[in-house]
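Q:
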Amino acid sequence: MPHHLVVCLDDLAIQFCRVSSDQFIAIALPKAFVMTNPSPYAPANEALDSSPISNENGQAKPRIWPLFVIALIELVAMIGVQIVMAVVVLLQKMSTGQNLQEAANNLPAEFMRPSIFILMIVLSQVISGLLIWFFAVLSARRANCSLSERLGLGWPAISGYSFGLFMIGSVPVLLVSVAVVILIEKVWPGDQSVLELYRNLTTPWAVVFIIVIGVLPGFFEELSFRGFMQRRLLQRFRPAVAIGITSVVFGLFHVSPHGIALATIVGVWLGVIAWRTNSIWPGVFCHAFINSGWNVYQVGKFHWGFPEIPSTMFCIIGGTLTLAAFALSLKKLYSLRLHTTATPGTMGMTEQTLSSAGPA
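For the sequence shown, this note's numbering assigns the number 228 to the initial residue and increments by one for each residue that follows.
1. What is the C-beta distance between Ile345 and Phe436, in whole angstroms, given that I count them as a contact (C-beta under 8 Å)?
2. Rounded to the nearest angstrom, what separates Ser375 and Gly381 at their Cα positions?
3. Within a Cβ cutoff of 7 Å, which residues of the same chain sit near Ile517, ignoring the five residues on either side of it in sequence?
4. Any chance you could list the alpha helix (DSSP H) runs of at least 4 consecutive residues sitting entirely within the segment 319–375, in chain order?
5. With respect to the alpha helix (DSSP H) encompassing Ile395, which residues constitute its N-terminal and C-terminal limits?
6. With a cut-off of 8 Å on the beta carbons, I'd call Gly454 and His514 a contact; round off their distance for me.
7. Near Ile470, which residues of its chain fall below 7 Å by C-beta distance, leaving aside the five closest residues on each side in sequence?
8. Who are the Cβ neighbours of Ser556 in its own chain at under 6 Å, not counting the five residues just before and after it?
9. Find out if the Cβ-Cβ distance for the pair Ala609, Val407 is shorter than 8 Å.
10. Consult DSSP for Trp382 and reduce its assignment to one of helix, strand or coil.
11. DSSP three-state call for Arg184: helix, strand or coil?
12. Roughly how many angstroms separate the alpha carbons of Ile385 and Trp508, rounded to a whole number?
13. Since Pro399 and Phe295 should fall inside the 8 Å C-beta cutoff, what is the C-beta to C-beta distance between them, to a whole number of angstroms?
14. Measuring straight from C-alpha to C-alpha, what distance separates Trp292 and Ile359?
15. So, at 7 Å on beta carbons, what are the nonlocal neighbours of Val523 in its own chain, with the 5 sequence-adjacent residues on each side left out?
16. Thinking C-beta only, is Ser474 closer than 8 Å to Thr491?
17. Please classify Thr539: does DSSP put it in a helix, a strand, or coil?
18. So for Leu317, helix, strand or coil by DSSP?
19. Residue range of the alpha helix (DSSP H) that Asn522 falls in?
20. Can you give me the Cβ contacts of Pro534 inside the same chain, cut-off strictly under 7 Å, excluding the 5 residues immediately before and after it?
21. Nearest-angstrom Cα distance between Ser355 and Met540?
22. For Phe477, which residues from the same chain have a beta carbon less than 6 Å from its beta carbon, with the 5 sequence-adjacent residues on both sides left out?
23. Considering Phe447, what are the terminal residues of the alpha helix (DSSP H) in which it resides?
24. Buried or exposed, going by whether 16 or more other CB atoms sit within 10 Å of the CB of Gln309?
25. Once the 5 residues before and after Val261 are set aside, which same chain residues still bring their CB inside 6 Å of it?
26. Taking 8 Å as the threshold (C-beta atoms), are Gln352 and Leu443 in contact?
27. Out of curiosity, what's the CA-to-CA distance linking Ser366 and Thr430?
28. Could you work out which residue in Glu412, Ile343, Ala467 and Lys528 is closest to Leu422 when comparing CA atoms only?
29. Kindly list the residues whose CB is nearer than 6 Å to the CB of Ala433, restricted to its own chain and excluding five residues on each side of it in sequence; keep chain order.
30. Measuring CB to CB, does Val468 end up less than 8 Å from Ile348?
31. Between Pro484 and Gln325, what straight-line distance do the alpha-carbon atoms span, to the nearest angstrom?
32. Please list, in chain order, all residues of the same chain as Ala304 whose beta carbon is under 7 Å from its beta carbon, the five residues on each side excluded.
33. My guess is that Glu449 and Gly532 are in contact by the Cβ rule of under 8 Å, so how many angstroms apart are they, rounded?
34. Residue range of the alpha helix (DSSP H) that Asn427 falls in?
See below:
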């Protein structure tokens with residue numbers, strides 16, 4: 228009897244099924260099926276076991292390998308944006324009379340021009356975000372949940388005070404990561420080309436740069452990592468493992484050893500916030516605050532008279548306040564009641580709304 232090929236989507240992984248009037252054969256089905264008819268390709272009298280991995284409660288665990296494939300696609304797309312921009316800049320320079328070698332030699336300096344650098348950030352982040360949004364829509368449909376649940380877009384049950392607390396409490400985490408970067412630089416000198424960008428900034432461009440570097444990576448990177456990736460990993464692993472994996476992947480996206488170290492450490496903090504609040508929004512604000520705040524300081528050293536090293540009194544007062552905010556942030560995060568992590572196919576029915584132990 229003839230068979231037909233059917234393509235099924237299971238969390239973005241393509242599955243293949245053979246269907247006939249009296250037989251159903253499935254490979255890697257998203258739910259456990261009782262096979263009354265064994266596969267003709269299986270040994271006689273043996274049913275094909277193609278159910279996904281289950282936990283101790285018998286609930287299906289989601290597959291996670293598509294997350295890493297999608298992350299790779301996202302990274303390739305971002306690199307592709309930079310390559311396309313490099314080609315456009317080369318062609319533009321060659322049109323002014325430069326030969327290919329001269330244009331190529333001037334390319335790094337061209338990318339440190341504020342207009343080009345900011346455009347590269349905008350295009351990279353928007354394309355990355357659109358890719359994640361597309362895959363998240365497919366994943367949410369498959370998991371029978373809303374897009375908001377899949378990406379953690381729900382507004383958390385915390386007050387504006389807690390948002391501010393988390394943001395200020397992020398400063399010690401940033402400083403620890405910067406200290407690690409300084410140690411790495413003692414054995415592996417970092418790339419100093421970004422200093423040329425700071426020198427090239429005028430005040431209007433600096434304002435645009437500070438806003439863009441905060442808002443776009445703050446939203447799209449949290450959407451991608453703490454939303455799309457970490458929330459799925461939390462359905463499969465313990466929180467420490469899920470947050471750790473997400474943070475390492477987040478770090479690897481920053482390419483250089485210095486960027487990897489800094490982003491991984493900060494990523495753990497953002498991951499804990501997203502996990503405990505069941506939302507990416509507090510992390511979005513913290514991420515934007517870190518990015519913009521750090522670059523205000525860097526630009527300020529070049530153009531606004533900021534000291535290379537802040538005064539002792541500023542460090543004492545600022546350190547005390549930020550450490551207190553960090554401690555209070557940990558207390559607040561610990562007080563939050565965790566939601567129930569749902570399994571694929573039931574997320575929309577079993578996931579509970581997170582609430583705090585009390586208003587704050």
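All residues carry an ideal CB built from backbone N, CA and C; glycine is no exception.
A: So, from the listed chains and residues:
1. As a working note, residue 345 is residue 118 in the sequence shown. As a working note, residue 436 is residue 209 in the sequence shown. Sure, about 6 Å apart at Cβ, within 8 Å.
2. Stepping through the sequence shown from its first residue, residue 375 is reached at position 148. Stepping through the sequence shown from its first residue, residue 381 is reached at position 154. Cα-Cα distance, rounded: 6 Å.
3. Sequence index remark: in the sequence shown, residue 517 carries index 290 (1-based). Within the same chain, Ile517 has close Cβ partners Ser397, Leu401 and Val493.
4. 327–332, 334–338 and 341–370
5. The residue given as residue 395 occupies position 168 in the sequence shown. Gly387 to Val414 is the extent of the alpha helix (DSSP H) around Ile395.
6. For the purposes of this step, residue 454 is identified with residue 227 of the sequence shown, where counting begins at 1. For the purposes of this step, residue 514 is identified with residue 287 of the sequence shown, where counting begins at 1. Rounded, the Cβ-Cβ distance is 12 Å, inconsistent with contact.
7. On the sequence shown, residue 470 is found 243 positions in, with the first residue counted as 1. Same-chain partners within the cutoff: Gln457, Val495, Gly498, Val499 and Trp502.
8. Sequence index remark: in the sequence shown, residue 556 carries index 329 (1-based). Cβ neighbours of Ser556 beyond the five flanking positions: Leu392, Phe393 and Gly396.
9. Outside the displayed range of the chain (228 to 587) lies residue 609, so it cannot be described from this structure.
10. Counted from its first residue, the sequence shown places residue 382 at position 155. Trp382 carries a coil assignment under DSSP once its states are collapsed to helix, strand and coil.
11. Outside the shown range of the chain (228 to 587) lies residue 184, about which nothing can therefore be said.
12. If you number the sequence shown from 1, residue 385 lands on position 158. If you number the sequence shown from 1, residue 508 lands on position 281. Each residue's alpha carbon lies about 11 Å from the other.
13. Translated into the one-based positions of the sequence shown, residue 399 becomes position 172. Translated into the one-based positions of the sequence shown, residue 295 becomes position 68. Not quite, the Cβ-Cβ distance comes to about 31 Å (not below 8 Å), so this is no contact.
14. Against the sequence shown, residue 292 aligns to sequence position 65. Against the sequence shown, residue 359 aligns to sequence position 132. Rounded to the nearest whole angstrom, the C-alpha separation of Trp292 and Ile359 is 15 Å.
15. In the sequence shown, residue 523 corresponds to position 296, counting from 1. The answer, listed in chain order, is Ile437.
16. Residue mapping note: residue 491 aligns to position 264 of the sequence shown, counting from 1. Residue mapping note: residue 474 aligns to position 247 of the sequence shown, counting from 1. Between Thr491 and Ser474, the C-beta spacing is below 8 Å.
17. By 1-based counting over the sequence shown, the position of residue 539 is 312. Residue state, collapsed to three classes: helix.
18. Sequence index remark: in the sequence shown, residue 317 carries index 90 (1-based). In this structure, DSSP gives Leu317 a helical state, which the three-state scheme calls helix.
19. For this step, residue 522 is matched to residue 295 along the sequence shown. Looking at the DSSP string, the run of the alpha helix (DSSP H) that includes Asn522 is Trp508 to His530.
20. For the purposes of this step, residue 534 is identified with residue 307 of the sequence shown, where counting begins at 1. Taken in chain order, the list of residues that qualify is empty.
21. As a working mapping, residue 355 is identified with position 128 in the sequence shown. As a working mapping, residue 540 is identified with position 313 in the sequence shown. For Ser355 and Met540, the distance between alpha carbons rounds to 42 Å.
22. Stepping through the sequence shown from its first residue, residue 477 is reached at position 250. Taken in chain order, the residues that qualify are Phe452, Ala490 and Gly494.
23. Reading the sequence shown from its first residue, position 220 is the one you call residue 447. Note, Phe447: alpha helix (DSSP H), Thr430 to Glu448.
24. The sequence position of residue 309 within the sequence shown is 82, counting from 1. Under this definition Gln309 is an exposed residue.
25. Along the sequence shown, read from residue 1 onward, the residue named residue 261 stands at position 34. Bear in mind that a pLDDT of 35 at Val261, under 50, signals an unreliable position, so the model cannot answer this.
26. Indexing the sequence shown from 1 puts residue 443 at position 216. Indexing the sequence shown from 1 puts residue 352 at position 125. Result yes, Cβ atoms of Leu443 and Gln352 sit closer than 8 Å.
27. The sequence position of residue 366 within the sequence shown is 139, counting from 1. The sequence position of residue 430 within the sequence shown is 203, counting from 1. Rounded to the nearest angstrom, the two C-alpha atoms are 43 Å apart.
28. Counted from its first residue, the sequence shown places residue 422 at position 195. That would be Lys528, whose Cα lies nearest to the Cα of Leu422.
29. Sequence index remark: in the sequence shown, residue 433 carries index 206 (1-based). Setting aside the 5 residues that flank it on each side, Ala433 is surrounded in the same chain by Val526, each with a C-beta closer than 6 Å to its C-beta; the list follows chain order.
30. Here residue 468 refers to the residue found at position 241 of the sequence shown. Here residue 348 refers to the residue found at position 121 of the sequence shown. No.
31. Looking up residue 484 in the sequence shown gives position 257. Looking up residue 325 in the sequence shown gives position 98. For Pro484 and Gln325, the distance between alpha carbons rounds to 34 Å.
32. The residue labelled residue 304 in the question sits at position 77 within the sequence shown. Answer for Ala304: Ile354, Ser355 and Leu358, listed in chain order.
33. Against the sequence shown, residue 449 aligns to sequence position 222. Against the sequence shown, residue 532 aligns to sequence position 305. That belief does not hold up - the Cβ atoms of Glu449 and Gly532 are roughly 33 Å apart, past 8 Å.
34. By one-based count along the sequence shown, residue 427 stands at place 200. In the DSSP annotation of this structure, the continuous segment of the alpha helix (DSSP H) that includes Asn427 starts and ends at Val421 to Asn427.
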